[in-house]
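**Q** Throughout, this note's numbering is defined as the position within the sequence shown, counted from one, plus 370.
We treat Cβ as the ideally placed atom computed from N, Cα and C, and that holds for glycine.
Quick one: the structure is below, and I'll ask about it shortly.
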Amino acid sequence: MDTGELQSSLLERFLRYVQTWTTSDSLSADSGSQPSTERQFDLARILESELKSLQLQNVCVTSKCYVYGWLPASEGLENVESFCLLAHMDTVEEVSGENVKPQIHTNYDGQKITLASGNVLNPETDSALALAGKNHETIISSDGNTLLGADDKAGVAEIMSALETVIKNKLPHGAIEVCFSPDEETGHGMDNVPLNLIKSKYAYTVDGGHIGELETECFNAFKSEITFTGISTHTGSARGKLVNAVTMASNFVTNLPRQEAPETTDGYEGFYAPMTIEGSMEKSKVLLFLRDFDSANMEKRKALVETLAQATADSFGGKAEVVHSQQYLNMKKGFEKRKDIIEKLTAAYKKAGVEPVFSPIRGGTDGSRLTEMGIPTPNIFTGGHNYHSRTEWASLEQMEKAAQVLVNLISKV
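Encoded structure:
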């Protein structure tokens, strides 16, 4: 495999993809719209065209903005079990993904990088960046005014470049399916996945981070919506009458366990994450994310939310209503009957000279949902770091290794 050619293909694709604005919208997605933003079709059409140019078959963009393609098996390998490769096209809405201006830092020397915005990539606080400096890797960032979009356009570029490498070099392979999804960042990435098109019984998402990460388990995830109802009255004559729903909501959030928050936990520790508070004195709402790797502990978290909400309402003389909604479940059990999927992936890592590091996903992927649907789907690293921030960056060398892993998975040399 010509690694120089693979790197060149990856870089060219990645730079183009991140400059295509694909930010999704959670409110629109929660209301049932998919894609949640029409701009996601812009990248979908680009990928459709490129898959067709690679001579994949049955290439299409569905009405819900999923891109699908089928690479038929090489002659004599028609009986090899097919699998599907997935990555998502959208970027998170918390940080702007519009007008991304990628910056290339070649032969990175491990010093602080001050971006045009004034934001700093600091190896003193980022061990992965410090390691990239020791290895003199090529680092790609934005100019600091936006995110970069490596989550997950690095994964998209790696799949496309791996397919190009396999096809161009006529490497023998079984049948491969490809699916690029919208709205993963809103939690709705698999709501309308075209299962009528996907025939494979297992898949791989390319949506991880640091080189070597191989993820087969993730959080159980629930969304809790807590509505506090109070009694509104004129503030000048409110004594003994006013029941302030804003105060109830604030009090509820303040009393959540401080040491069980996203910013105070890591590893296998779960958390309560207040996402939004909105409303007025008469009615206020709190959106809360609950995360835990253990399903029994998740039930305890839901019960605590209900107890705390009711206690808050009772202490103020108001009312509280709690609605829990499942977002995704830990995918670990989905691999119990298909350990061969992980074995194949581990072998592909090692063939690329990458030692697998099994770590839990402190979040979820489209693979989490697919695994629930009966299609076991582990997650592969991409070489991206500091996701969902203005200091997001990616390593070209790590991206190349991810693409090599994919080529190893696909090819039957």
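Going by DSSP, name the residue or residues bridged to N778.
**A** As a working mapping, residue 778 is identified with position 408 in the sequence shown. In the DSSP output, where bridge partners are listed per residue, N778 has none listed.
**Q** Could you spell out the range, first to last residue, of the beta strand (DSSP E) harbouring A631?
**A** Indexing the sequence shown from 1 puts residue 631 at position 261. Here A631 belongs to no beta strand (DSSP E), and DSSP marks it neither H nor E.
**Q** Which first and last residues belong to the alpha helix (DSSP H) in which R428 is found?
**A** Position 58 of the sequence shown, counted from the start, is the residue given in the question as residue 428. Strictly speaking, residue 428 in this sequence is Asn, with Arg absent from that position. Segment Q427 to V431 is the beta strand (DSSP E) holding N428; no alpha helix (DSSP H) there.
**Q** Check the DSSP bridge columns for S594 and list the partner residues they point to.
**A** Locating residue 594 in the sequence shown gives position 224, where the first residue counts as 1. DSSP output for S594 lists L658 and H694 as bridge partner(s).
**Q** Assign V576 to buried or exposed, taking buried as 16 or more other Cβ atoms, counted over all protein chains shown, within 10 Å of its Cβ.
**A** If you number the sequence shown from 1, residue 576 lands on position 206. Buried: at least 16 other Cβ atoms inside 10 Å.
**Q** Run the CB neighbour count on H755, radius 10 Å, all protein chains shown included, and call it buried at 16 or more, exposed below.
**A** Stepping through the sequence shown from its first residue, residue 755 is reached at position 385. Flag for H755 reads buried.
**Q** Have a look at N625, F622 and Y642 and flag the residue whose alpha-carbon is nearest the alpha-carbon of A631.
**A** The residue you call residue 631 lines up with position 261 of the sequence shown. Among N625, F622 and Y642, the Cα nearest to that of A631 is on Y642.
**Q** For the alpha helix (DSSP H) containing I537, name the first residue and the last one.
**A** Locating residue 537 in the sequence shown gives position 167, where the first residue counts as 1. Where I537 is concerned, the enclosing alpha helix (DSSP H) stretches over A520 to K538.
**Q** Three Cβ pairs or more, each shorter than 8 Å: is that satisfied between the region 496-515 and the region 748-767?
**A** yes
**Q** Express the C-alpha separation of H604 and T682 in angstroms, rounding to a whole number.
**A** Working through the sequence shown from its first residue, we reach residue 682 at position 312. Working through the sequence shown from its first residue, we reach residue 604 at position 234. In a straight line, the C-alpha of T682 is about 22 Å away from that of H604.
**Q** Can you give me the C-alpha to C-alpha distance between T635 and Q629, rounded to a whole angstrom?
**A** The count along the sequence shown starts at 1 and reaches residue 635 at position 265. The count along the sequence shown starts at 1 and reaches residue 629 at position 259. Spanning the two alpha carbons is a distance of roughly 7 Å.
**Q** First and last residue of the beta strand (DSSP E) that includes S765?
**A** Within the sequence shown, the letter at position 395 stands for residue 765. Counting along the chain, the beta strand (DSSP E) containing S765 begins and ends at W763 to S765.
**Q** Do S321 and D553 have their C-beta atoms within less than 9 Å of each other?
**A** This structure does not reach residue 321, given that the chain is present from 371 up to 783, and the question cannot be answered.
**Q** Taking only the alpha-carbon atoms, compute the straight-line gap between S594 and P627 and give it to the nearest angstrom.
**A** Numbered from 1 along the sequence shown, position 224 holds the residue referred to as residue 594. Numbered from 1 along the sequence shown, position 257 holds the residue referred to as residue 627. Taking the straight line joining both Cα atoms gives about 15 Å.
**Q** For T373 and T476, I'd like the C-alpha separation in whole angstroms.
**A** Here residue 373 is taken as the residue at index 3 of the sequence shown, counted from 1. Here residue 476 is taken as the residue at index 106 of the sequence shown, counted from 1. Going from the Cα of T373 to the Cα of T476 covers about 17 Å.
**Q** State yes or no: is the C-beta of G402 within less than 9 Å of the C-beta of A591?
**A** In the sequence shown, residue 402 corresponds to position 32, counting from 1. In the sequence shown, residue 591 corresponds to position 221, counting from 1. Cβ atoms of G402 and A591: not closer than 9 Å.
**Q** Can you list, in chain order, the residues of its chain whose CB lies under 7 Å from that of L381, leaving out five sequence neighbours each side?
**A** Taking the first residue of the sequence shown as position 1, residue 381 is located at position 11. Contacts found: L766.
**Q** On the premise that L413 lies in contact with Y387, defined as a C-beta separation below 8 Å, what is that separation, rounded to the nearest angstrom?
**A** If you number the sequence shown from 1, residue 387 lands on position 17. If you number the sequence shown from 1, residue 413 lands on position 43. That pair is a contact at about 7 Å.
**Q** Across which residues does DSSP place S511 in a beta bridge pair?
**A** Indexing the sequence shown from 1 puts residue 511 at position 141. Bridge pairing for S511: Q473 and W763 [DSSP].
**Q** Please tell me whether K655 and T597 are closer than 9 Å, where the distance is taken between their beta carbons.
**A** Along the sequence shown, one-based indexing puts residue 655 at 285. Along the sequence shown, one-based indexing puts residue 597 at 227. The answer is yes: Cβ separation under 9 Å.
**Q** Go through its chain and collect everything with a Cβ distance to S695's Cβ below 7 Å, but skip five positions before and after it.
**A** Start at 1 with the first residue of the sequence shown, and residue 695 comes out as number 325. Excluding sequence neighbours, S695 sits near F592 and K593.
**Q** Report the CB separation of Y719 from V775 in whole angstroms; it is logged as a contact under 8 Å.
**A** The residue given as residue 719 occupies position 349 in the sequence shown. The residue given as residue 775 occupies position 405 in the sequence shown. With 8 Å as the limit, Y719 and V775 qualify as a contact, their Cβ atoms being about 6 Å apart.
**Q** What residues are listed by DSSP as bridge partners for H558?
**A** Taking the first residue of the sequence shown as position 1, residue 558 is located at position 188. In the DSSP output, where bridge partners are listed per residue, H558 has none listed.
**Q** Are the CB atoms of M701 and E587 within a distance shorter than 9 Å?
**A** By one-based count along the sequence shown, residue 587 stands at place 217. By one-based count along the sequence shown, residue 701 stands at place 331. Yes; because the gap between Cβ atoms is below 9 Å, this pair is in contact.
**Q** Does DSSP put F663 in a helix, a strand or coil?
**A** Position 293 of the sequence shown, counting from 1, holds the residue named residue 663. Coil, per DSSP.
**Q** Cα-Cα, which of L674, A573, E633 and D460 is closest to L740?
**A** By 1-based counting over the sequence shown, the position of residue 740 is 370. Selected option, being the one with the closest Cα: A573.
**Q** Mind the definition here: the region 699-716 touches the region 523-541 only if three or more C-beta pairs lie below 8 Å; say whether that holds.
**A** With a cut-off of 8 Å, the region 523-541 and the region 699-716 do not count as touching, because too few Cβ pairs lie within range.
**Q** Quick one: what does DSSP say N621 is sitting in, helix, strand or coil?
**A** What you label residue 621 is simply residue 251 of the sequence shown in a count that begins at 1. Helix.
**Q** Anyone know if the C-beta pair for A772 and A524 falls short of 9 Å?
**A** Within the sequence shown, the letter at position 402 stands for residue 772. Within the sequence shown, the letter at position 154 stands for residue 524. Yes, these two residues count as a Cβ contact at 9 Å.
**Q** Helix, strand or coil for V675, going by three-state DSSP, please let me know.
**A** By 1-based counting over the sequence shown, the position of residue 675 is 305. Helix, per DSSP.
**Q** Where are the alpha helix (DSSP H) runs, 4 residues long or more, that stay fully inside the region 394-471, in chain order?
**A** 396-400 and 410-423
**Q** With distances taken Cα to Cα, identify the nearest neighbour of V693 among K721, F705, L657 and I750.
**A** In the sequence shown, the residue the question calls residue 693 occupies position 323. Nearest to V693 by C-alpha distance, out of K721, F705, L657 and I750, is L657.
**Q** Pull the bridge partners of H604 from the DSSP assignment, please.
**A** To locate residue 604, count along the sequence shown from 1; it is residue 234. Partner(s): none; H604 has no beta bridge.
**Q** Mapping DSSP to helix, strand and coil, what is F550?
**A** Within the sequence shown, the letter at position 180 stands for residue 550. It is a strand residue.
**Q** In angstroms with no decimal places, state the Cα-to-Cα distance between A666 and L447.
**A** One-based indexing of the sequence shown puts residue 666 at position 296. One-based indexing of the sequence shown puts residue 447 at position 77. Distance between the alpha carbons of A666 and L447: 45 Å.
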